[in-house]
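Here the structure comes first, spelled out in structure tokens, and everything after it is commentary.
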Amino acid sequence: MPNAKEIGERIKKLRGNESRLDVANACDISVSALSMYECGQRIPRDEIKIKLANHFKKSVESIFFN
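Quick look at the structure:
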């Protein structure tokens, strides 16, 4: 299983030019939570993993487990 830093890098890469605010609003999370995920300080809980995966049109596995 990838570590928090690797997951954070994937989320950051998927976000691309989209603002943190837009992604956070779309996934119903705070900007600070998204920032912590991207910086590898936290790993999102399962329900947030699903929201992020749906937002980026990716599978949960491809973001969080490969």
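Those letters in the sequence shown? Residues -11 to 54, by my numbering.
Where a beta carbon is used, it is the ideal one built from N, C-alpha and C, also for glycine.
What you are looking at is a predicted structure, and each value in this text was computed from that prediction instead of being measured.
Residue i versus residue j - alpha carbon distance
{"i": "I36", "j": "N5", "result": "21 Å"}
{"i": "G(-4)", "j": "C27", "result": "6 Å"}
{"i": "R3", "j": "E49", "result": "17 Å"}
{"i": "K39", "j": "R30", "result": "16 Å"}
{"i": "Y25", "j": "A(-8)", "result": "7 Å"}
Range covered by the alpha helix (DSSP H) that runs through residue i
{"i": "C95", "result": "Residue numbering for the chain in the displayed model covers -11 to 54; residue 95 lies beyond these limits and cannot be assessed."}
{"i": "K46", "result": "No alpha helix (DSSP H) contains K46, which DSSP labels as neither H nor E."}
{"i": "R(-2)", "result": "-8 to 3"}
{"i": "S23", "result": "19 to 26"}
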